[in-house]
Structures are given as C-alpha cells and as structure tokens.
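Read the structure below first, then the notes.
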Amino acid sequence: MLRIMHKSKIHRAKVTDANLNYKGSITIDEQLMEAANILENERVSIVNINNGARFDTYVITGERGKGDICLNGAAARLVQPDDLIIIISYGMYDDSELDGFEATVVHVDSNNKIV
0 MLRIMHKSKI HRAKVTDANL NYKGSITIDE QLMEAANILE NERVSIVNIN
50 NGARFDTYVI TGERGKGDIC LNGAAARLVQ PDDLIIIISY GMYDDSELDG
100 FEATVVHVDS NNKIV
C-alpha cells in the first residue's frame, strides 16, 4: 500500500510579493526549495497563518538567496505581502519505506533565511 505522507515544509515563510497578473503558482527561493527537497512544478499545499486560507498550487524556482516567496495568479488573492505561510510538500511511500521516516522541516527567519 502507498501512503501519502508529509515529506517536508518551509515553516512560517514571509510572503514577499503577490502577483495577480501571472499564471498560477508560488515562486520560492531556490535555496529554500533545495533545503526542503521541493522540485520545480511540484504540487504543494499553502497554509496562510494570518487568515487561515489553505490551497494547493505548484512551484516555480525563484532566484537563489533572495528569500522570495511570491504567490501568483488566483492564489495572490489569498495572501498579502508580509503574511506568514507554511509551504507543505507530500510524497507517496510504501509501508516498507516508513520505518524511521522523518519529514524535513525548514525554519526561516523574518527575511526567509534558513535558521
């Protein structure tokens, strides 16, 4: 049996921009993506800590080291710059892969730098 498990998350990232006039997605700093083992075009869930909104979208790679977290398209209506969000990725795992399994949690500071 395959189980869908929480694979990783970027915890309490600050939204740096919201661009309504763009195709849907979330742009994430490449360094944060690597730390959380998230790939471009991967499906992620977003939880807005400020207003409780929850939604899914896909990832676009942002410039490395800038700390950008930008919601694009329709998702831009669900966030405001400076909102805190949690970006969650999931994976499908066989039961045999779950012994000792631990999700990756990436904590960031107020500038979206890894702490």
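To convert, note that position 60 of the sequence shown is 59 in numbering that gives the first Met the number 0; the numbers rise steadily by one, no gaps. All C-beta atoms in this analysis are idealised placements derived from N, C-alpha and C, irrespective of residue type, glycine included. What you are looking at is a predicted structure, and each value in this text was computed from that prediction instead of being measured.
Where residue i falls: helix, strand or coil (DSSP)
| i | result |
| --- | --- |
| aspartate 94 | helix |
| arginine 63 | coil |
| alanine 149 | This structure gives no information on residue 149, because the portion of the chain shown stretches from 0 to 114. |
| leucine 31 | helix |
| leucine 77 | helix |
Chain-order list of residues whose beta-carbon lies under 7 Å from that of residue i (same chain, five-residue window excluded)
| i | result |
| --- | --- |
| proline 80 | Val14, Thr15, Asp16 and Ala17 |
Cβ neighbours of residue i in the same chain (closer than 8 Å, five flanking residues each side left out)
| i | result |
| --- | --- |
| aspartate 82 | Lys13, Val14, Asn47, Ile48, Asn49 and Asn50 |
| lysine 6 | Asn36, Ser88, Tyr89, Gly90, Ala102 and Thr103 |
| valine 105 | Ser7, Lys8, Ile9, His10, Leu31, Ala34, Ala35 and Ile113 |
Bridge partners - residue i, DSSP secondary structure assignment
| i | result |
| --- | --- |
| phenylalanine 100 | Answer is none; phenylalanine 100 lacks a bridge partner. |
| isoleucine 86 | Ile9 and Ile45 |
| asparagine 111 | None; asparagine 111 has no bridge partner. |
| isoleucine 68 | Ile27 |
| methionine 4 | Gly90 |
Own chain, CB closer than 6 Å to residue i, minus 5 neighbours either side, in chain order
| i | result |
| --- | --- |
| glutamate 78 | Note on identity: in this sequence residue 78 is valine, with glutamate being the wrong assignment. Cβ neighbours of valine 78 beyond the five flanking positions: Val14, Ala17, Asn47 and Leu70. |
Residue i CB to nearest heavy atom of the ligand ADP below 7 Å
| i | result |
| --- | --- |
| leucine 77 | What this structure holds is no ligand at all, so the ligand ADP is not there to describe. |
query = Can we say the region 16–31 touches the region 94–101, given the rule of at least three CB pairs closer than 8 Å?
reply = no
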